[in-house]
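K.L.:
Numbering (my numbering), first residue to last: 1 to 277.
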């Protein structure tokens, strides 16, 4: 939009500033990763309490005046007594051997009281989708003055905006209607209404006039856009992925190198299904 500013049109300058501010809002919606502190101060270990001193008795010990005399013990005479004759053991009737009882494995008390093992916690959510590895291609397209990008693996085709789109009564404002494409009716979405939100009112009719349709997914939805740009190849580390989705679930991340927002078409389709009626 730099060429428009050469005309010194205040309205166009305000539009560019509004879109730039909106893009900055998108870029700042993704928080940077906070680095962990390199070291933590350890709490000083408590010193052991000193042992209390033993009390000192004030009463002095009594002195020993005399020792008692003890007579030596007289030697005892060994008494030898004849051992009594042992009586023969009485015969006891033989008892039959006890019947064998089959062993039954019973869980021990500790095993019965042991709690069930807890499930292992899931690892942190990986925001990078599988289609982005090891790299991926994305098509830049323009909605108003905002640069967006859609992954080519999620893009079905790009077609000119049809002359006739059949309106459907009772639908939201962003639902433009249906158009016949490859034997089926495709739902046309006013992308500017959903993406630009309140910034849409600051744009001119020419900027909002769609010229292309991006047919995404299983040819069920078509995203209206002003124009399409080049195809870029990206690596996952070039995208600042969103770890949590807030109000703009369709925003997968931002590509700061190209100053564009990467769209998650699957999440966008889910959002459309929730608000289609």
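All C-beta atoms in this analysis are idealised placements derived from N, C-alpha and C, irrespective of residue type, glycine included.
Excluding the 5 residues preceding and the 5 following residue 178 in the sequence, name in chain order all residues of the same chain whose CB lies nearer than 8 Å to its CB.
P.N.:
Hits under 8 Å: 165, 166, 168, 185, 186, 187, 188.
K.L.:
Fully enclosed by the stretch 161-217, which alpha helix (DSSP H) runs are 4 residues long or longer?
P.N.:
Counting only runs of 4 or more, we get 191-195, 205-208.
K.L.:
With C-beta atoms as the reference, is residue 227 less than 8 Å away from residue 250?
P.N.:
Not in contact: residue 227 and residue 250 (Cβ atoms no closer than 8 Å).
K.L.:
Spell out the partners DSSP gives residue 127 in its beta bridges.
P.N.:
The partner list for residue 127 (beta bridge, DSSP) is empty, contrary to what the question assumes.
K.L.:
Taking residue 222 as the reference, give the member of 140, 133, 158, 129 with the closest Cα.
P.N.:
The shortest Cα separation from residue 222 among 140, 133, 158, 129 belongs to 158.
K.L.:
Rounded to whole angstroms, what's the CA-CA distance from residue 126 to residue 253? Just pull it up for me.
P.N.:
The straight-line gap from Cα to Cα measures roughly 13 Å.
K.L.:
Helix, strand or coil: which one does DSSP assign to residue 266?
P.N.:
Three-state DSSP puts residue 266 in a helix.
K.L.:
Is residue 190 near residue 149, with beta carbons less than 8 Å apart?
P.N.:
Cβ atoms of residue 190 and residue 149: not closer than 8 Å.
K.L.:
Any idea which residues DSSP pairs residue 254 with across the strands?
P.N.:
Beta-bridge pairing links residue 254 to 240, 261.
K.L.:
Closer than 6 Å by C-beta to residue 153: which residues in its own chain qualify, once you throw out the five before and the five after it? Chain order, please.
P.N.:
Answer for residue 153: 131, listed in chain order.
K.L.:
Please state the DSSP three-state secondary structure of residue 274.
P.N.:
Correct three-state label for residue 274: helix.
K.L.:
Check whether the stretch 197-205 and the stretch 132-139 touch, using three or more Cβ-Cβ pairs below 8 Å as the test.
P.N.:
Verdict: no, contact absent.
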